[in-house]
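Asks: Everything in the sequence shown is counted per UniProt numbering, starting at 1 for the first residue and increasing by one.
Beta carbons are placed, not taken as given, at the ideal position from N, Cα and C, and that holds for glycine.
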Amino acid sequence: MASGGSGGVSVPALWSEVNRYGQNGDFTRALKTVNKILQINKDDVTALHCKVVCLIQNGSFKEALNVINTHTKVLADNSLSFEKAYCEYRLNRIENALKTIESASQQTDKLKELYGQVLYRLERYDECLAVYRDLVRNSQDDYDEERKTNLSAVVAAQSNWEKVVPENLGLQEGTHELCYNAACALIGQGQLNQAMKILQKAEDLCRRSFSEDSDGTEEDPQAELAIIHGQMAYILQLQGRTEEALQLYNQIIKLKPTDVALLAVIANNIITINKDQNVFDSKKKVKLTNAEGVEFKLSKRQLQAIEFNKALLAMYTNQAEQCRKISASLQSQSPERLLPVLIQAAQLCREKQHTKAIELLQEFSDQHPENAAEIKLTMAQLKISQGINV
């Protein structure tokens, strides 16, 4: 007998509703019906699992995680490791997601897929590469192309951030995503002309794939093309063709793409080109680097580059305290890096405190002798500018 909470409807009838709504992709209604089942039996394991899935499908990751965490005893024999780790991943609790995956009783394929994404976010590229290689080798389903794309993205990241010479994994450049990642790997190796050719191929494949896809909206190709064009502009910038690069960067910004990471990178690159010129434009562009969620979408190196440019911009606009604050923060993150110290020294020089700047550089040189040659040259230049004997 159904309780009053279900309005007299039998539990099997409620489950039929859940199945129907689920098949139609109506997870809001499915959730309401699942809640009716839970009113009858609050510890129904299948209903709790369905509730978590409905919440995830609706993007309610915090609520889904809360359901899992408040029913750990009930759900003990029905492991929701994947759902828990996925919620943590989507909430940018990456270390938590890693712990959940590693402590799972069974390593399913979908957990391995998520494990690869978690390792990528943690910039543990060697381990990530091993996971994706294993998945590509041992999986047989409709997601093979997606795995190969992820694999090529890891290779590109290694090439750019770790300067690892990419090995030939035999990946065919048959999609615009694979071409894009191959081009990024070539950029990391300094093969700019070849990278540009492959980006042009990516652009062509992207246009063709969306023209053949009748379900594609008008915005879809523009979003994908903006990413490709951003990388083309970066190559132009690296080749010293800054006017062409600026023109292409600004064209992308005018399209107002929703990708906050793309906008942040483009804005940062424009600020790099502007240097101490056109600071008004740089001050406008720097706002794009502060968009919500940017910190979760860029690598540590990219985020540091943005902070370096913020410090320089603060110096160029006579915001001495802000410059010192940012460069000191960067130095605490990477005590071995020279650039934050050079920025601090440059700021001291702008304040006519050349002796302090030289002392700062000498102190860093004593602590990091591997940078001694470069620092001595900088110190010599400072002393010459002051008329000090070297």
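Output the distance between the C-alpha atoms of residue 94 and residue 119, rounded to the nearest integer angstrom.
Replies: The residue labelled residue 94 in the question sits at position 94 within the sequence shown. The residue labelled residue 119 in the question sits at position 119 within the sequence shown. Taking the straight line joining both Cα atoms gives about 9 Å.
Asks: Just confirm the distance between the C-beta atoms of residue 273 and residue 237, as a whole number of angstroms; I'd bet it's less than 8 Å.
Replies: Position 273 of the sequence shown holds residue 273. Position 237 of the sequence shown holds residue 237. Their Cβ separation, rounded to whole angstroms, is 6 Å, which keeps residue 273 and residue 237 in contact under 8 Å.
Asks: Classify residue 364 as buried or exposed, calling it buried when 16 or more other Cβ atoms lie within 10 Å of its own Cβ.
Replies: Taking the sequence shown and counting its residues from 1, the one referred to as residue 364 is at position 364. Buried, because 16 or more other Cβ atoms sit within 10 Å of the Cβ of residue 364.
Asks: Which residues in the same chain as residue 14 place their Cβ atom closer than 7 Å to its Cβ, once the five residues preceding and following it in sequence are excluded?
Replies: Within the sequence shown, the letter at position 14 stands for residue 14. Contacts found: 6, 33, 36, 37.
Asks: For residue 156, I'd like the list of residues in its chain whose CB is within less than 6 Å of its CB, leaving aside the five on either flank, ordered along the chain.
Replies: For the purposes of this step, residue 156 is identified with residue 156 of the sequence shown, where counting begins at 1. Taken in chain order, the residues that qualify are 181, 184, 185.
Asks: Output the distance between the C-alpha atoms of residue 154 and residue 170, rounded to the nearest integer angstrom.
Replies: Reading the sequence shown from its first residue, position 154 is the one you call residue 154. Reading the sequence shown from its first residue, position 170 is the one you call residue 170. Near 14 Å, if we compare the C-alpha coordinates of residue 170 and residue 154.
Asks: Checking 8 Å against the spacing of the C-beta atoms, do residue 316 and residue 276 come in under that value?
Replies: Your numbering for residue 316 matches position 316 in the sequence shown. Your numbering for residue 276 matches position 276 in the sequence shown. Yes; because the gap between Cβ atoms is below 8 Å, this pair is in contact.
Asks: Could you check which residue in 143, 112, 358, 141 has the C-alpha nearest to that of residue 128?
Replies: Taking the sequence shown and counting its residues from 1, the one referred to as residue 128 is at position 128. Closest option to residue 128, Cα to Cα, is 112.
Asks: Do residue 85 and residue 114 have their C-beta atoms closer together than 8 Å?
Replies: Working through the sequence shown from its first residue, we reach residue 85 at position 85. Working through the sequence shown from its first residue, we reach residue 114 at position 114. Contact flag set, yes.
Asks: When you compare the CB positions of residue 192 and residue 235, do they come within less than 8 Å of one another, or not?
Replies: Mapped onto the sequence shown, residue 192 falls at position 192. Mapped onto the sequence shown, residue 235 falls at position 235. Contact: yes.
Asks: Would you give the residue range spanned by the alpha helix (DSSP H) that residue 174 belongs to?
Replies: The residue given as residue 174 occupies position 174 in the sequence shown. Segment: none, residue 174 is in no alpha helix (DSSP H) and carries neither H nor E.
Asks: Taking 8 Å as the cut-off, does the segment 218–233 touch the segment 244–258 (at least 3 CB pairs, one atom from each stretch)?
Replies: In short, these stretches touch, since the Cβ pair count reaches three.
Asks: To which residues of the same chain is residue 378 closer than 8 Å at the C-beta, ignoring the five residues directly before and after it?
Replies: Within the sequence shown, numbered from 1, the residue matching residue 378 stands at position 378. Only 342, 345, 361 meet the Cβ criterion.
Asks: CB residue 188 to CB residue 163, shorter than 8 Å?
Replies: Translated into the one-based positions of the sequence shown, residue 188 becomes position 188. Translated into the one-based positions of the sequence shown, residue 163 becomes position 163. Taking 8 Å as the Cβ cut-off, residue 188 and residue 163 qualify as a contacting pair.
Asks: What are the uninterrupted segments assigned as alpha helix (DSSP H) that are 4 or more residues long and contained completely in the segment 215–273, given in chain order?
Replies: Within the segment 215–273, the complete alpha helix (DSSP H) runs of at least 4 residues are 219–238, 242–254.
Asks: Should the segment 295–305 be regarded as contacting the segment 254–265, the criterion being three or more beta carbon pairs within less than 8 Å?
Replies: With a cut-off of 8 Å, the segment 254–265 and the segment 295–305 count as touching, because enough Cβ pairs lie within range.
Asks: Tell me which same chain residues have a C-beta within less than 8 Å of the C-beta of residue 340, skipping the five on either side of it?
Replies: Walking along the sequence shown from the start, residue 340 turns up at place 340. These residues qualify, in order along the chain: 308, 311, 327, 328, 330, 331, 334.
Asks: Just how far apart, CA to CA, sit residue 200 and residue 208?
Replies: For the purposes of this step, residue 200 is taken as the residue at position 200 of the sequence shown. For the purposes of this step, residue 208 is taken as the residue at position 208 of the sequence shown. So the alpha carbons of these two residues sit roughly 12 Å apart.
Asks: What is the DSSP secondary structure of residue 74, reduced to helix, strand or coil?
Replies: As a working mapping, residue 74 is identified with position 74 in the sequence shown. DSSP places residue 74 in coil when its eight states are reduced to three.
Asks: Going by alpha carbons, who is nearest to residue 70 out of 45, 91, 54, 89?
Replies: Counting from 1 along the sequence shown, the entry for residue 70 is found at position 70. Residue 45 is the option with its Cα nearest to residue 70.
Asks: Between which residues of its own chain and residue 375 is the CB-CB distance below 6 Å, once the five residues before and five after are set aside?
Replies: Along the sequence shown, read from residue 1 onward, the residue named residue 375 stands at position 375. Here the set comprises 361, 365.
Asks: Determine whether the beta carbon atoms of residue 56 and residue 88 lie at a separation below 8 Å.
Replies: For the purposes of this step, residue 56 is taken as the residue at position 56 of the sequence shown. For the purposes of this step, residue 88 is taken as the residue at position 88 of the sequence shown. In this structure, residue 88 does not lie closer than 8 Å to residue 56 by Cβ.
Asks: What is the DSSP secondary structure of residue 387, reduced to helix, strand or coil?
Replies: Taking the sequence shown and counting its residues from 1, the one referred to as residue 387 is at position 387. Residue placement at residue 387 cannot be trusted, given a pLDDT of 48 that sits under 50; the coordinates are not used to answer.
Asks: Quick one: residues in its chain with C-beta nearer than 7 Å to the C-beta of residue 132, no 5 flanking neighbours on either side, listed in chain order?
Replies: Within the sequence shown, numbered from 1, the residue matching residue 132 stands at position 132. Closer than 7 Å at the Cβ level, and outside the excluded window around residue 132, lie 116, 147, 150, 151, 154.
Asks: What span of residues does the alpha helix (DSSP H) with residue 81 cover, start to end?
Replies: Along the sequence shown, read from residue 1 onward, the residue named residue 81 stands at position 81. First-last of the alpha helix (DSSP H) with residue 81: 81–90.
Asks: Near residue 348, which residues of its chain fall below 6 Å by C-beta distance, leaving aside the five closest residues on each side in sequence?
Replies: What you label residue 348 is simply residue 348 of the sequence shown in a count that begins at 1. Counting only Cβ-Cβ distances below 6 Å, and skipping sequence neighbours, we find 356, 357.
Asks: Hey, residue 122 and residue 98: beta-carbon distance below 8 Å or not?
Replies: If you number the sequence shown from 1, residue 122 lands on position 122. If you number the sequence shown from 1, residue 98 lands on position 98. Yes.
Asks: Is the separation between the beta-carbon of residue 249 and that of residue 271 shorter than 8 Å?
Replies: Counted from its first residue, the sequence shown places residue 249 at position 249. Counted from its first residue, the sequence shown places residue 271 at position 271. No.
Asks: Would you report the Cα separation of residue 40 and residue 136, rounded to the nearest angstrom?
Replies: Looking up residue 40 in the sequence shown gives position 40. Looking up residue 136 in the sequence shown gives position 136. Roughly 44 Å separates the two Cα atoms.
Asks: With the cut-off set at 8 Å, would you say residue 195 and residue 179 are in Cβ contact?
Replies: The residue labelled residue 195 in the question sits at position 195 within the sequence shown. The residue labelled residue 179 in the question sits at position 179 within the sequence shown. It is not a contact, given that the beta carbons lie outside the stated cut-off.
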